[in-house]
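As numbered in the working numbering, residues 7 to 126 make up the sequence shown, in order.
Below: one structure, written as structure tokens.
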Amino acid sequence: QVVYDPDTEDSFAVADMVRNEFVLHARGRVRARPEGSINPDMKTGEVEVLGSALEILNSSATPPFQLDEYSSAGEDVRLRYRYVDLRRPEMQDRLRLRSEVTSYVRRFLELEGYWEIETP
């Protein structure tokens, strides 16, 4: 997490424009988070970066739904934006499992002497 002091007007103004999915170049100093703002659920929950400069390298439109596991987007929206849906953690887990199962079956069949043939 990068935080900016409202007194640093230039960087704070840029930080105020930042949205999810933006690509940023931030500079600053790592420091311990103030008492009461520590997040034990995050690996980096005890530190933050006090920003001194911020540049937006690329902006992005807001995604049609949140990319977290608690997204309430309906199936019709998720299918319409399939390329976004595949970035959700749940979908990543499913893709990983499917890949592992396919690899396992392929290895097993190869060890049993089977060939995999793809014809044009």
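Here a beta-carbon is modelled for each residue, glycine too, at the ideal position from N, C-alpha and C.
Since we're looking at a predicted model, the values are computed, not measured.
Following the continuous alpha helix (DSSP H) through A79, name the residue where it begins and the one where it ends.
Counting along the chain, A79 falls outside any alpha helix (DSSP H), and DSSP gives it neither H nor E.
With 16 other Cβ atoms within 10 Å as the buried cut-off, status of G57
buried
Under three-state DSSP, which class holds L73?
coil
For R104, count neighbouring Cβ atoms within 10 angstroms of its own Cβ and tell me buried if that reaches 16, exposed if not.
exposed
Checking 8 Å against the spacing of the C-beta atoms, do V55 and A19 come in under that value?
no
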